[in-house]
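To convert, take the position in the sequence shown, counting from 1, and add 19; that gives this note's numbering.
Using N, Cα and C, we set each Cβ at its ideal position, and we do this for glycine too.
Take a look at the structure below.
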Amino acid sequence: MLFSQWALLLTVCMLQPQRVSSFNLDTQNVMKKSGEADTLFGFAMAMHHQLKPSDERVLLIGAPRAKALPGQNANISGGLYRCKFTQSNDCERIQVDIKERSTNNPGKDYREKQWLGIRVRSQGPGGKVVTCAHRYQDWSFENQRLLGRCFVLEQDLTLMTDGESTRTICRNRQPDKHKFGYCQQGVSVAFSKDNRYLVYGAPGAYDWKGIVHMEPVDDFSIEAYETGDHNQREHRLIPVDISSFLGFVVDTGMNLTKKGELNVVAGAPRSNHSGEVLLLRMEEKAEIRNLKAEYILQGPGLASSFGYDLTVLDMNSDGWDDLVVGAPEFSNISLEEDVGGAVYVYINQAKGQRWNQIKPVCLYGKRDSMFGLAVAHIGDINQDAYQDFAVSAPNEDAGRGRVYIYHGSAAGFHKKPEVLDAGNPGIKSFGYSLAGNMDIDDNGYPDLAVGSLSDTVHVYRSKPVVNLEKTLTLTPNAIDFKDQDCKRSSCYITAQSCFTYTAPTPTYNHKLRIKYTLKADTVRIERGLPSRVVFENSEAAQGDQELSVQGKRECVQTKLRLLGDIQDKLTIISISLSVSLPSNNPKQTFRNLPSLEPVLNALQENATKAEVTFINAGCGSDNICQSKLKLQYSFCTKDQQEDKCDPLPMENYIPVISPGDENIALEVTVTNKGGDDAHQSQLSVAFPEFLRLSSTELKKSSETQVQCNPSENKTQANCQLGNPFKRDSEVSFFLILAIERISLRVTSANVTMSLKTISIQDIPVVITEVKIAFELHLKIVGLAKPSQLFFGGEVKDEKSMKSEDDIGSSVQYEFWISNLGRPLKSFGSVVLNIQWPKTTKDGKRLLYLVQIKDQGKNIIHCTPAEVINPLRFIKASSRGRREVEHEPDLKALVSAFLGNERKYQILTCAADDLRCVDIKCPLEALDSTTAVVLHARLWNNTFLEDYSSLNYLDIVLDAFLTLNGTQENIRMKQSETKVKVKLTVFREIKPALFSRVPWWVYFFSIMNALLLLALFLYLLWKFECLNCGICAKEKNV
20 MLFSQWALLL TVCMLQPQRV SSFNLDTQNV MKKSGEADTL FGFAMAMHHQ LKPSDERVLL
80 IGAPRAKALP GQNANISGGL YRCKFTQSND CERIQVDIKE RSTNNPGKDY REKQWLGIRV
140 RSQGPGGKVV TCAHRYQDWS FENQRLLGRC FVLEQDLTLM TDGESTRTIC RNRQPDKHKF
200 GYCQQGVSVA FSKDNRYLVY GAPGAYDWKG IVHMEPVDDF SIEAYETGDH NQREHRLIPV
260 DISSFLGFVV DTGMNLTKKG ELNVVAGAPR SNHSGEVLLL RMEEKAEIRN LKAEYILQGP
320 GLASSFGYDL TVLDMNSDGW DDLVVGAPEF SNISLEEDVG GAVYVYINQA KGQRWNQIKP
380 VCLYGKRDSM FGLAVAHIGD INQDAYQDFA VSAPNEDAGR GRVYIYHGSA AGFHKKPEVL
440 DAGNPGIKSF GYSLAGNMDI DDNGYPDLAV GSLSDTVHVY RSKPVVNLEK TLTLTPNAID
500 FKDQDCKRSS CYITAQSCFT YTAPTPTYNH KLRIKYTLKA DTVRIERGLP SRVVFENSEA
560 AQGDQELSVQ GKRECVQTKL RLLGDIQDKL TIISISLSVS LPSNNPKQTF RNLPSLEPVL
620 NALQENATKA EVTFINAGCG SDNICQSKLK LQYSFCTKDQ QEDKCDPLPM ENYIPVISPG
680 DENIALEVTV TNKGGDDAHQ SQLSVAFPEF LRLSSTELKK SSETQVQCNP SENKTQANCQ
740 LGNPFKRDSE VSFFLILAIE RISLRVTSAN VTMSLKTISI QDIPVVITEV KIAFELHLKI
800 VGLAKPSQLF FGGEVKDEKS MKSEDDIGSS VQYEFWISNL GRPLKSFGSV VLNIQWPKTT
860 KDGKRLLYLV QIKDQGKNII HCTPAEVINP LRFIKASSRG RREVEHEPDL KALVSAFLGN
920 ERKYQILTCA ADDLRCVDIK CPLEALDSTT AVVLHARLWN NTFLEDYSSL NYLDIVLDAF
980 LTLNGTQENI RMKQSETKVK VKLTVFREIK PALFSRVPWW VYFFSIMNAL LLLALFLYLL
1040 WKFECLNCGI CAKEKNV
């Protein structure tokens, strides 16, 4: 019961093609036919040509919600109207369904809201007309059967007199809703192309599986056919599921699968979840009268309503019928794309075979446009021998609607449509219905009617189309600029323009006035370059020409002069000729309707071209210059005196510029090895704003001169390499760069180089990258004072320690940081990182940090703060000073008392010997030199407990500099920003000679020594040993 509402309120999506106006439909003198409000006047239409009793052309319009006629015993029943093709609104209602309804049993013939006029079709000139009411009901049984019915009218629009004017195919069938209780005959209807059959769609049969029924128009000696077999009525023979709506739309063709064989095409827009289209043929075997599916075309996209509407036509004039199918609910998988609604065009290129293998041409609509809701064969409206079709988008443009007209062609059809809209914002859903393929004014061109949901129909007449043949001949067509000396003496070109017109129909054969326009050197003009030729007479560039009769050729000559100072002697000189029709041409008048002016065939090229070529000796025998330009480049540091240029340092194969460096240059070399002359060769270089061009220097060894023209802001340079740049030429030059604008925000720069020539060569654009790195020249030096200490004494309880002296020996670590380059304040701050050996691996204190100061004895706030003087000792002593003063005596003492075997150990943070803390000391605004002094104490207890067995040990402390900032392009030289500081610690040893001895011990020791000496001398005298030497000397004498 809700089926008709679904058909009316369906909303979909569409992709809007580029908007243009339909070139030969008259949009100025549109016939408008209006019906009563809210009657859906224009929901369905058909153009009808009556031959008897009089020759008359009318437009049949259905109004499914029109008020009931007297005797119908209903309020709203729907109706059918006939409208003449005039400028006035002169529609009249046709007397259809005029049989009085019985008042005794009103339910048996229930016409309320039966939607008469939902479909209307004409059989053609002199043929019959059919219109349907798909919601006609019969309450004879328990169910309110929604049967539907159709009425067949004679060509004069009166009901058939043979008693077969009313067709109700489901009346005498099983009334159950699973069978034929909701048949809804007449949702679609068509006359077969052989004019023998009426084809009905009844999409409600078999639980909305749907059927297609075909029966004779008036020759009842022939058989009727139906999907599921007209005789058996077996729904299992229908190859679709329930709720498929088979028969929602029907059409026929005589050349779909076999020449001269009738096929029925039926849409099932809900079949298989996306919609299907069935190509049916009559199957006649014994008692079988079946419409068998020969091919089933499946629609893409879930719930796309593929098969909502369709039409059969031969759009490429190959004798085989093609198929156009609408899918108005199609939507793209990506909902973000503005795509919705589609039409699929099947070109029958296999002579009726393999329909299921044809890849259709897809046309897409924009969102919320209902693109494809109606498709119609509208005839050959431009008379180019190819049939055309129209597609509606009734909800496009905020619900106002548009119609797209596609013209057939030998290749199928032209993809770019012509576009119609109502031109009235008050019209809603323009294009909801379409009708055409009939010439309403006898001018030889079929016309078009467009319905809407605003109870208004627009009728558009087709204008006569003129085919204009135009030729352009240039003399001479080749110029040797050098040999003809065009620089000194003028060289001329003569352009001869010739015109011939024809019209597709003999109805237009008048004198035709055309307006022509010549454009010179169009190739360069399109590039924004000046023309190399001028018209000898400026007014000769355009003019008027009268063509007296069809087929007669008329010509005109125009003279052009070649300028003498041109640089481009390679690009062809292209001259274009275009034509248009002025508004004062004779118009076509028929049937007392407004006159129609002729239009040029928009499918023809509006302009034709001719060319003059240059003869160049350096381009080879074929006069085609194929250059072989090659670009080489490198960033370097240019020597001011010589052509020498040292390449910049590389980082991951990318050169690095360090601000502060001088004479940064881009060295460029261009060659043309083995190529033809490169005409108008140039190198365009684009620099960033912060890396501008400073100057250009040509290499002394370069063979060719280069002229570089920088832009005003020096960010662009166009370097002319030669015109032409000869075969095997080479040129090298330097582009000196200014780097003073580089700021800290800049981390890299791109330089774009485009090598161009008008000779034939595809040269890619080169984009080269260079990194920007600010290098800081910082240096760190460290030392320990004193560099040697000792430990000794006794182990003391930590609670008994009252001053720093109780901790252990004093030591100072001094770090001197120097800035040899730029002031640091513009880059951030430097951080001194110290790996401080706080404890041993067992957690015992090793070096106790008392405080950190600068060279001015100001406190430096380093982190973590809890590492500095955690016990808060406030009392200091001078022991450290004495130890420093006696450092040489300590060394002598150690040298005297240490034996040959020495036990020692080296402690570092890198090993597992210590537990270190990273101390960070910020150094703000480091512009020259500063110092960081760490005051510390040996933790004597630890050395006595853990290292007393050693002769000495070395404690190595690591320190390094880092930048406290987020800029990635600021760097430091790593070799000078790290330092290691060693402190040597000895075990304390006190020799006996330095111990205290009582004085009397010294006194008696001396007296004993004197007595021993006297006794020794006495003995020597006694034994005359003192005189032996004298006696010996006397004897010798």
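For residue i, the nearest candidate out of the options (CA to CA)
{"i": "LYS745", "options": "ASN635, ASP440 and VAL704", "result": "ASN635"}
{"i": "PHE170", "options": "THR187, SER159 and ARG154", "result": "THR187"}
{"i": "LEU612", "options": "ASP460, GLY318 and LEU329", "result": "ASP460"}
{"i": "ASP226", "options": "CYS202, LEU59 and LEU865", "result": "CYS202"}
{"i": "GLN651", "options": "ASN960, ILE782 and GLN204", "result": "ILE782"}
{"i": "LYS578", "options": "GLY247, VAL553 and ALA209", "result": "VAL553"}
{"i": "SER509", "options": "PHE500, GLN515 and LYS538", "result": "PHE500"}
{"i": "THR330", "options": "SER350, VAL284, THR981 and VAL675", "result": "VAL284"}
{"i": "ILE786", "options": "ALA768, LEU795 and THR776", "result": "ALA768"}
For residue j and residue i, the rounded distance between their alpha carbons
{"i": "ALA454", "j": "GLU303", "result": "34 Å"}
{"i": "THR715", "j": "CYS727", "result": "7 Å"}
{"i": "GLU245", "j": "GLY445", "result": "44 Å"}
{"i": "SER646", "j": "SER748", "result": "11 Å"}
{"i": "ALA1011", "j": "SER822", "result": "Because ALA1011 sits at a pLDDT of 44, beneath the cut-off of 50, its placement in the model cannot be relied upon, and the following sentence gives the value as read from the coordinates. Approximately 30 Å, taken between the alpha carbons."}
{"i": "SER1024", "j": "TRP1018", "result": "10 Å"}
{"i": "HIS232", "j": "SER159", "result": "23 Å"}
{"i": "SER263", "j": "LYS228", "result": "5 Å"}
{"i": "SER80", "j": "ALA63", "result": "Looking at the sequence itself, residue 80 is Ile, so the reference to Ser does not match. Computed Cα separation, rounded: 6 Å."}
{"i": "ARG711", "j": "LEU774", "result": "19 Å"}
{"i": "ALA412", "j": "GLY61", "result": "16 Å"}
{"i": "LEU1038", "j": "ASN1027", "result": "17 Å"}
{"i": "VAL704", "j": "MET772", "result": "5 Å"}
{"i": "ILE758", "j": "TYR383", "result": "54 Å"}
{"i": "ARG901", "j": "LEU942", "result": "Only weak support exists for where ARG901 lies, its pLDDT of 39 falling under 50; the value from the coordinates is given anyway. Taking the straight line from one Cα to the other gives about 32 Å."}
{"i": "PRO678", "j": "ILE791", "result": "8 Å"}
{"i": "PRO707", "j": "LEU589", "result": "33 Å"}
{"i": "GLN156", "j": "VAL296", "result": "28 Å"}
Range of the contiguous beta strand (DSSP E) that encloses residue i
{"i": "GLY679", "result": "Neither: GLY679 is in no beta strand (DSSP E) and is coded neither H nor E."}
{"i": "TYR365", "result": "359-365"}
{"i": "TRP158", "result": "From DSSP, TRP158 is part of no beta strand (DSSP E); its letter is neither H nor E."}
{"i": "GLU302", "result": "295-304"}
{"i": "GLY470", "result": "466-470"}
{"i": "MET64", "result": "63-69"}
{"i": "LEU712", "result": "711-717"}
{"i": "PRO729", "result": "726-729"}
{"i": "PRO783", "result": "No beta strand (DSSP E) contains PRO783, which DSSP labels as neither H nor E."}
{"i": "LYS798", "result": "797-804"}
{"i": "GLY345", "result": "341-350"}
{"i": "LEU972", "result": "971-983"}
Span of the alpha helix (DSSP H), counted from its first residue to its last, around residue i
{"i": "PHE1023", "result": "1018-1041"}
{"i": "GLU964", "result": "959-965"}
{"i": "ASP932", "result": "First-last for ASP932: undefined, no H or E at that position."}
{"i": "TRP10", "result": "Past the edges of the chain, shown from 20 to 1056, lies residue 10, and the structure says nothing about it."}
{"i": "GLU415", "result": "415-418"}
Buried or exposed by the 16-neighbour rule on C-beta atoms within 10 Å, applied to residue i
{"i": "ASN496", "result": "exposed"}
{"i": "LEU321", "result": "exposed"}
{"i": "ILE871", "result": "buried"}
{"i": "GLU437", "result": "buried"}
{"i": "ASN462", "result": "buried"}
{"i": "GLU964", "result": "exposed"}
{"i": "SER240", "result": "exposed"}
is_contact[residue i, chain C] using C-beta, thresh 8 Å
{"i": "LYS378", "result": "Absence of chain C from the displayed structure is noted, only one protein chain being present."}
Checklist entry - Unbroken alpha helix (DSSP H) runs of length 4 or more, entirely within the region 536-596: which are they? => result Listed in chain order, they are 541-545.
Checklist entry - Mind pulling the beta strand (DSSP E) runs of 3 or more residues that sit fully within the region 230-269? => result Restricted to the region 230-269, the beta strand (DSSP E) segments that are unbroken, complete and at least 3 residues in length are 230-235, listed in chain order.
Checklist entry - Which whole runs of the alpha helix (DSSP H) in the region 77-101 are 4 residues long or more, in chain order? => result Within the region 77-101, no complete alpha helix (DSSP H) run reaches 4 residues.
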